[in-house]
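Trainee:
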Amino acid sequence: MTRFNRIRKYYSFFRFKKEFEEYSLKSAKSYELVLHWLHSKFNRNQFLLLSGILVGCTAGLAGVLLKSLVHYIHYIITDKVHFQTQVVFYLIFPFLGIVLTTLTVIWFFKGQSRKGIPAILHEIAQNSSKIPRVKMYSQIVQSAITVGLGGSAGLESPIAVTGAALGSNYAQTYQLDYKERTLLLAAGATAGIAAAFNAPIAGMMFAFEILLTGVVFTDFLPLIVAAVCGSLLSKAILQEEVLFHFESRSPFNYHNVPFYLALGILCGFYARYYVVISQKVEHFFKGLKWSAIQKAILGGAVVSLFCVAMPPLFGEGYTSVKSLASGHGETILQNSFFRYLPFESWMLVAFTGCVCLLKAFAASFTIQSGGNGGNFAPSLFAGGFLGFFFAVVCQQLGLDNIPVTNLVIVGMGGVMAGVMYAPLTAIFLIAESSSGYDLFIPLMIVATISYLMAKWFSPISPELQKLAKEGKVFTRAHDKNILLLLKMDDLIEKDFQHVSIDATLREVVELFKAGNKNIIAVNNKDNLFTGIIAMDDIRPVLFEPALYDTVTVPKLMQNPKVVVNLKDSINVVIKKFEEADVWNLPVVQDKKLVGFISKSSILNKYRALLQEYSEA
559 MTRFNRIRKY YSFFRFKKEF EEYSLKSAKS YELVLHWLHS KFNRNQFLLL SGILVGCTAG
619 LAGVLLKSLV HYIHYIITDK VHFQTQVVFY LIFPFLGIVL TTLTVIWFFK GQSRKGIPAI
679 LHEIAQNSSK IPRVKMYSQI VQSAITVGLG GSAGLESPIA VTGAALGSNY AQTYQLDYKE
739 RTLLLAAGAT AGIAAAFNAP IAGMMFAFEI LLTGVVFTDF LPLIVAAVCG SLLSKAILQE
799 EVLFHFESRS PFNYHNVPFY LALGILCGFY ARYYVVISQK VEHFFKGLKW SAIQKAILGG
859 AVVSLFCVAM PPLFGEGYTS VKSLASGHGE TILQNSFFRY LPFESWMLVA FTGCVCLLKA
919 FAASFTIQSG GNGGNFAPSL FAGGFLGFFF AVVCQQLGLD NIPVTNLVIV GMGGVMAGVM
979 YAPLTAIFLI AESSSGYDLF IPLMIVATIS YLMAKWFSPI SPELQKLAKE GKVFTRAHDK
1039 NILLLLKMDD LIEKDFQHVS IDATLREVVE LFKAGNKNII AVNNKDNLFT GIIAMDDIRP
1099 VLFEPALYDT VTVPKLMQNP KVVVNLKDSI NVVIKKFEEA DVWNLPVVQD KKLVGFISKS
1159 SILNKYRALL QEYSEA
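In my numbering, the protein residues as written are 559 to 1174.
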């Protein structure tokens, strides 16, 4: 019997192979064929679990590859050459990185410059979690050039976008629905973050706090296995110096709580400073009537000058943060022009303070002028330097027993929580990266204070504020999120009747008799939309045949109070319904009628989505 069952399974597979090759619209690779067959045999949860493993491994490898490549470039520049040569590198490489990234986008990626976490959130809300295939490799190429050559940004956001694109396109290949696509998209990003930091829990928190905001899910296993796969690959392949990892720290002492409270407030103010600078730099570059390459030249020149003056601003800067956390803050002075001056304690305070302030400018100029990177690494870097600056100032004031290493580590979590609006991600990321689970209390204190201050300044992350206001990304308002899933094309009734403005009442009556609508559109001689005739409009003369040939359309029609544009969002459409207080509205494009949209169609689609959304 066992042998018979085995033969039957083989026969089932080969029959599936034949049918798939015979009826498939495109030829599939052998591994895709196997996965299609498994998809037909596994139940939903089994296939999602397998998918989580495959997406997690692929996204994890992509993250490991990018981290290794950039680390090797930095190793050659910072460890293999003398400081005098490094200055030349600092002057040239960041400039080249940003300019080459811009040229790469123009030449090879057709100017597709949308990047970062907002791009993923936009695809989830507006494109049914379908991310273009080009994102599976474009972000790696662009960020490797930018950050590898010294751009003052982070690799984690490009890694997350790459992982999300891998998960989304995997789901599209095997024709999974919206819920599964979104889940595997998040799984890919989770694996990427887990691989970048060797922090699986932080990767999951990132998915829940940032990517899946406003999305209800009960399927967590694909996220878990993806995070585990990404973290294991990071642990097995990346060397210790590549990883964002800190060993030395002091045990938590509750007597130091006042220091952590003060640091939390400082992190909150700095996080606000960072996002304000980012917004101003973004507006500056958008306001320039320059070409993309001209903006890249300007941004690259500014970032290069920053790196020459303050070498820790070169690249991600994690090495400098590790030096501060290990108690060797003086070493960062030796890799700068301060090495030619006699060492004074104030120099370290001034240097770290300036680096902290300039990091916001360096990161913003890198990203907004045409480079590719994210705010993960800059916020962690700035938090580490801010914590060290605060610790050294306290020491200079004569305070004893300052936990310098702890303040550096906790400061990273504080600034990240305020900049990224992700306190749980920040807490678990720092705890996992430092093996510092005993620092949970100070991490929670600092991250919570910073996050609450950031929320007080701006309830929604400034990076997402414009998109949220336009209704292009999900927020925590779940009813509005469901409305965002409604697409205009699915709601428009296009089988409408229309009549010429020169027609008579008789023609109008005949149209109503022949159709099943209670509204007729009126077009002028140029076939442009002019108005509408409702059944109620002809009711007073409907039973007066003598008027059928004398009453014309202009006497019957009415100009619509409000017109919906085809490009209007569903939120705008609902506001127009409230304003007009009608049941149907015409939809136009370039003054031509596309169809009608009704409250009934919106309500029915909303109820169907609500049921599906709740079942998720």
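Idealized CB from N, CA, C, for every residue including glycine.
If you drop the 5 nearest sequence neighbours on each side, which residues of the same chain put their C-beta closer than 8 Å to that of residue 978?
Mentor: Working through the sequence shown from its first residue, we reach residue 978 at position 420. Counting only Cβ-Cβ distances below 8 Å, and skipping sequence neighbours, we find 768, 933, 934, 937, 984 and 1019.
Trainee: How would you call residue 1080, buried or exposed, if buried means at least 16 neighbouring beta carbons within 10 angstroms?
Mentor: Counting from one through the sequence shown, the residue named residue 1080 turns up at place 522. Label assigned to residue 1080: buried.
Trainee: Distance check for residue 719 and residue 1142, CA to CA, integer angstroms please.
Mentor: Stepping through the sequence shown from its first residue, residue 1142 is reached at position 584. Stepping through the sequence shown from its first residue, residue 719 is reached at position 161. The straight-line gap from Cα to Cα measures roughly 40 Å.
Trainee: What runs of the alpha helix (DSSP H), each 4 residues or longer, lie entirely inside the stretch 1049 to 1082?
Mentor: 1063 to 1072
Trainee: Counting only the same chain and skipping the five closest in sequence on each side, list residues whose C-beta sits under 6 Å from that of residue 559.
Mentor: If you number the sequence shown from 1, residue 559 lands on position 1. Unreliable placement is indicated for residue 559, whose pLDDT of 48 sits below 50; the coordinate value is still reported in the next sentence. Answer for residue 559: no residue qualifies.
Trainee: Would you mind working out which of 809, 827 and 1140 sits nearest residue 1155, comparing C-alpha positions?
Mentor: In the sequence shown, the residue the question calls residue 1155 occupies position 597. Out of 809, 827 and 1140, 1140 has the C-alpha closest to the C-alpha of residue 1155.
Trainee: Could you say which of 960, 1098, 1151 and 700 lies nearest to residue 664 if we only look at CA atoms?
Mentor: Residue numbering aside, residue 664 sits at position 106 when the sequence shown is read from its first letter. Nearest C-alpha to residue 664: 700.
Trainee: So is residue 1071 buried or exposed if we call it buried at 16+ other beta carbons inside 10 Å?
Mentor: In the sequence shown, the residue the question calls residue 1071 occupies position 513. It is exposed - the Cβ of residue 1071 has fewer than 16 other Cβ atoms within 10 Å.
Trainee: Classify residue 956: buried if its beta carbon has 16 or more other beta carbons within 10 angstroms, exposed otherwise.
Mentor: Position 398 of the sequence shown holds residue 956. Per the 10 Å Cβ criterion, exposed.
Trainee: Are residue 913 and residue 868 touching if we call contact CB-CB under 7 Å?
Mentor: In the sequence shown, counting from the first residue as 1, residue 913 sits at position 355. In the sequence shown, counting from the first residue as 1, residue 868 sits at position 310. The answer is yes: Cβ separation under 7 Å.
Trainee: For residue 1162, I'd like the list of residues in its chain whose CB is within less than 8 Å of its CB, leaving aside the five on either flank, ordered along the chain.
Mentor: Sequence index remark: in the sequence shown, residue 1162 carries index 604 (1-based). Closer than 8 Å at Cβ, skipping near neighbours: no residue.
Trainee: CA-CA distance, residue 733 and residue 674?
Mentor: Here residue 733 is taken as the residue at index 175 of the sequence shown, counted from 1. Here residue 674 is taken as the residue at index 116 of the sequence shown, counted from 1. Using only the alpha carbons, I get a separation of about 26 Å.
Trainee: What is the rounded straight-line gap between the Cα of residue 846 and the Cα of residue 968?
Mentor: As a first step, residue 846 must be located in the sequence shown, where it is residue number 288. As a first step, residue 968 must be located in the sequence shown, where it is residue number 410. Straight-line Cα distance between these residues: approximately 38 Å.
Trainee: Which one of 1085, 1118, 1067 and 1121 has the shortest CA to CA distance from residue 1102?
Mentor: For the purposes of this step, residue 1102 is taken as the residue at position 544 of the sequence shown. With distances taken between Cα atoms, residue 1102 lies closest to 1067.
Trainee: Assign residue 656 to buried or exposed, taking buried as 16 or more other Cβ atoms, counted over all protein chains shown, within 10 Å of its Cβ.
Mentor: Here residue 656 refers to the residue found at position 98 when the sequence shown is read from its first residue. Under this definition residue 656 is a buried residue.
Trainee: How about the stretch 777 to 792 and the stretch 615 to 633: do they share at least three Cβ pairs that are nearer than 8 Å?
Mentor: yes
Trainee: Which residues bound the beta strand (DSSP E) around residue 917?
Mentor: Translated into the one-based positions of the sequence shown, residue 917 becomes position 359. Segment 903 to 926 is the alpha helix (DSSP H) holding residue 917; no beta strand (DSSP E) there.
Trainee: The beta strand (DSSP E) spanning residue 722 covers which residue range?
Mentor: Within the sequence shown, numbered from 1, the residue matching residue 722 stands at position 164. No beta strand (DSSP E) holds residue 722; the alpha helix (DSSP H) holding it covers 714 to 731.
Trainee: Could you check the C-alpha separation between residue 668 and residue 692 for me, to the nearest Å?
Mentor: For the purposes of this step, residue 668 is taken as the residue at position 110 of the sequence shown. For the purposes of this step, residue 692 is taken as the residue at position 134 of the sequence shown. Approximately 11 Å, taken between the alpha carbons.
Trainee: Is DSSP giving residue 708 helix, strand or coil here?
Mentor: The residue you call residue 708 lines up with position 150 of the sequence shown. DSSP places residue 708 in coil when its eight states are reduced to three.
Trainee: In angstroms, rounded to a whole number, what distance separates the CA positions of residue 1159 and residue 1004?
Mentor: The residue given as residue 1159 occupies position 601 in the sequence shown. The residue given as residue 1004 occupies position 446 in the sequence shown. Cα to Cα, residue 1159 sits roughly 49 Å from residue 1004.
Trainee: Ignore the nearest five residues each way along the sequence and tell me which others in residue 679's own chain have a CB closer than 6 Å to its CB.
Mentor: Position 121 of the sequence shown, counted from the start, is the residue given in the question as residue 679. Counting only residues of its own chain and dropping the five nearest sequence neighbours on each side, residue 679 has a CB closer than 6 Å to the CB of 1031.
Trainee: Relative to the alpha-carbon of residue 966, which residue among 882, 689 and 1128 has its alpha-carbon at the smallest distance?
Mentor: The count along the sequence shown starts at 1 and reaches residue 966 at position 408. It is 882 whose Cα lies nearest to the Cα of residue 966.
Trainee: Check for me: the beta strand (DSSP E) holding residue 894 runs from which residue to which?
Mentor: Taking the first residue of the sequence shown as 1, we reach residue 894 at position 336. Run containing residue 894: none; DSSP gives neither H nor E here.
Trainee: Below 8 Å on the Cβ atoms is my contact criterion, and I expect residue 809 with residue 1048 to pass it. Report the Cβ-Cβ distance as a whole number of Å.
Mentor: Reading the sequence shown from its first residue, position 251 is the one you call residue 809. Reading the sequence shown from its first residue, position 490 is the one you call residue 1048. Not confirmed; about 59 Å, so no contact.
Trainee: Less than 8 Å between the CB atoms is what I'm expecting for residue 928 and residue 857, so what's the real figure, rounded?
Mentor: On the sequence shown, position 370 is the one that residue 928 refers to. On the sequence shown, position 299 is the one that residue 857 refers to. About 6 Å separates the two Cβ atoms, so the contact holds.
Trainee: With DSSP as the reference, please indicate the residues paired to residue 1155 in a beta bridge.
Mentor: Your numbering for residue 1155 matches position 597 in the sequence shown. BP columns for residue 1155 point to 1143.
Trainee: Using only alpha-carbon positions, find the residue among 911, 904 and 972 that is nearest to residue 954.
Mentor: As a working note, residue 954 is residue 396 in the sequence shown. Minimum Cα distance to residue 954 is reached at 904.
Trainee: Under 8 Å by Cβ, that's how I've got residue 1180 and residue 1012 pegged, so tell me the actual separation to the nearest angstrom.
Mentor: The displayed coordinates of the chain run from 559 to 1174. Any statement about residue 1180 would go beyond what the structure contains.
Trainee: Could you check if residue 1164 is buried or exposed, using at least 16 other CB atoms within 10 Å of its CB as the buried criterion?
Mentor: Residue numbering aside, residue 1164 sits at position 606 when the sequence shown is read from its first letter. Buried, because 16 or more other Cβ atoms sit within 10 Å of the Cβ of residue 1164.
Trainee: Give, in chain order, every unbroken run of the alpha helix (DSSP H) that is at least 4 residues long and sits entirely within the stretch 784 to 849.
Mentor: Runs found: 815 to 845.
Trainee: Among the residues of its own chain, which have a CB less than 6 Å from the CB of residue 836, if the five just before and after it don't count?
Mentor: On the sequence shown, residue 836 is found 278 positions in, with the first residue counted as 1. Around residue 836: 922.
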